[in-house]
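Reading through the structure tokens given below for one structure.
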Amino acid sequence: MQAILEQQGETRKQMQVANPVYTFTRQVAQLVMFVGDIGILLAQAMGFVFRGRWEARETMIQMAIIGAQAVPMVVITSGFTGAVLALYSAKLMLQFGVGSLAGGAVALAMARELGPVVTGVVVAARSASAIAAEIGSMKVTEQVDALRALAVPPVQYLVVPRLIACLTMLPALGTLAFVTGIFGGYAVAVPIGVSPTSYLLGVRELVDTYDVFAGLLKTVVFGAIIALVGCRAGLRTEGGAAGVGQATTNSVVVAVLLIYMANFFLAYLLFGGR
728 MQAILEQQGE TRKQMQVANP VYTFTRQVAQ LVMFVGDIGI LLAQAMGFVF
778 RGRWEARETM IQMAIIGAQA VPMVVITSGF TGAVLALYSA KLMLQFGVGS
828 LAGGAVALAM ARELGPVVTG VVVAARSASA IAAEIGSMKV TEQVDALRAL
878 AVPPVQYLVV PRLIACLTML PALGTLAFVT GIFGGYAVAV PIGVSPTSYL
928 LGVRELVDTY DVFAGLLKTV VFGAIIALVG CRAGLRTEGG AAGVGQATTN
978 SVVVAVLLIY MANFFLAYLL FGGR
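And the structure:
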């Protein structure tokens, strides 16, 4: 009898999955739940921040892990991004006699788009997965429940330090990416035939303070996405080691997708009229 009931239940689940209406409704419900979880997590975390209830030592540790340890990856990726951009743009501009604009083109692209996006994707791939894995492991081993038993809010102890670390370190890494990208482009554009002086003058002529700070504002949003997505994935982890692995993978995929989506809307709002 039990086997018959289990078979009927499995058949019912297969029929529900095959039903497109059921699948669409379930996906919408999951999206609404995800947005709600992120909103609640952000509200709770900012409440602790504004009340000054956050762990300074844990925050410094997370700043070192998320920020300082990511410097080599950001330098390498942004440097080669600027180099590739200069490889194409400098040759094309030299053909049309406007090689002096190569430096400005590289710097403008790095300030507005490539610097913030490359930084966000690199940190998301590195830190969102680490955050989800660490908190997910604590969740499946009941350490999160132990915090609640000790009257320590998990959001205060786990989420707030990582959120503050991402919000503060992403702009610093974005600045580093911007500078490294410019010098990466310089290293390629000058041997191609662009004058070193004209390259640097192009940077000064085409890039203003607004471009730099608007790009850094993007990194703040990306940092919030990385921290919240990673923490949410970790806190909702179930199913032991397999669940931790799935949460880690999902956090990276979702964080990168949200970074690209947010980048479009931020670019439209910040640079749409420029």
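Start counting the sequence shown at 728; every next residue gets the next number (my numbering).
Positions of the beta carbon are idealized from the N, C-alpha and C atoms, including for glycine.
Three or more beta-carbon pairs under 8 angstroms between the segment 795-810 and the segment 901-911, yes or no? yes
Quick one: grab the DSSP three-state call for Gly-766. Here residue 766 is taken as the residue at index 39 of the sequence shown, counted from 1. Of the three classes helix, strand and coil, the one that applies to Gly-766 here is helix, per DSSP.
Of the choices Tyr-815, Ser-827, Gly-763 and Val-845, whose alpha-carbon is the least far from that of Val-802? Looking up residue 802 in the sequence shown gives position 75. When each option's Cα is compared against that of Val-802, the closest is Val-845.
Should Ala-855 and Val-921 be called a contact, given that it needs their Cβ atoms to be closer than 8 angstroms? Residue mapping note: residue 855 aligns to position 128 of the sequence shown, counting from 1. Residue mapping note: residue 921 aligns to position 194 of the sequence shown, counting from 1. No, these two residues do not count as a Cβ contact at 8 angstroms.
Which of the three DSSP states is assigned to Ser-922 in this structure? In the sequence shown, counting from the first residue as 1, residue 922 sits at position 195. It is coil, neither helix nor strand.
Cα separation between Leu-835 and Tyr-995? Here residue 835 is taken as the residue at index 108 of the sequence shown, counted from 1. Here residue 995 is taken as the residue at index 268 of the sequence shown, counted from 1. Taking the CA atoms as reference points, Leu-835 sits about 16 angstroms from Tyr-995.
Counting beta carbon pairs with one atom in the segment 954-970 and one in the segment 848-867, are three or more of them shorter than 8 angstroms? yes
Specify the secondary structure class of Val-825 as computed by DSSP and reduced to three states. Walking along the sequence shown from the start, residue 825 turns up at place 98. Coil.
Whole angstroms is fine: what's the gap from Ala-795's alpha carbon to Gln-822's? Locating residue 795 in the sequence shown gives position 68, counting from the first residue. Locating residue 822 in the sequence shown gives position 95, counting from the first residue. A direct Cα-to-Cα measurement between Ala-795 and Gln-822 gives close to 41 angstroms.
Rounded separation between Pro-747 and Ala-756 - CA only: Translated into the one-based positions of the sequence shown, residue 747 becomes position 20. Translated into the one-based positions of the sequence shown, residue 756 becomes position 29. Cα-Cα distance, rounded: 14 angstroms.
Mark Pro-888 as exposed unless 16 or more other C-beta atoms lie within 10 angstroms of its C-beta, in which case mark it buried. If you number the sequence shown from 1, residue 888 lands on position 161. Buried, because 16 or more other Cβ atoms sit within 10 Å of the Cβ of Pro-888.
Cβ-based burial, Asp-938 [other Cβ within 10 Å; buried from 16]: Mapped onto the sequence shown, residue 938 falls at position 211. Buried.
How many angstroms separate the CA atom of Ser-816 from the CA atom of Ile-765? Here residue 816 corresponds to residue number 89 of the sequence shown, with the count starting at 1. Here residue 765 corresponds to residue number 38 of the sequence shown, with the count starting at 1. Here the alpha carbon of Ser-816 sits roughly 40 angstroms from the alpha carbon of Ile-765.
Just how far apart, CA to CA, sit Ile-788 and Trp-781? Sequence index remark: in the sequence shown, residue 788 carries index 61 (1-based). Sequence index remark: in the sequence shown, residue 781 carries index 54 (1-based). Using only the alpha carbons, I get a separation of about 13 angstroms.
Rounded to whole angstroms, what is the Cα-Cα separation between Cys-893 and Ala-954? Taking the sequence shown and counting its residues from 1, one reaches residue 893 at position 166. Taking the sequence shown and counting its residues from 1, one reaches residue 954 at position 227. About 6 angstroms.
Does the contact criterion of 3 or more C-beta pairs under 8 angstroms hold for the segment 768-775 versus the segment 916-936? Verdict: no, contact absent.
Along the chain, where does the alpha helix (DSSP H) containing Met-988 start, and where does it finish? One-based indexing of the sequence shown puts residue 988 at position 261. Taken as a continuous stretch (DSSP letters only), the alpha helix (DSSP H) holding Met-988 covers 967-998.
If distances are taken between C-alpha atoms only, which option among Ser-978, Leu-985 and Gly-970 comes closest to Met-865? Translated into positions along the sequence shown, residue 865 becomes position 138. Measuring from the Cα of Met-865, the nearest candidate turns out to be Gly-970.
Ala-878 classed as buried or exposed, judged by whether at least 16 other C-beta atoms fall within 10 angstroms: The residue given as residue 878 occupies position 151 in the sequence shown. That one is exposed.
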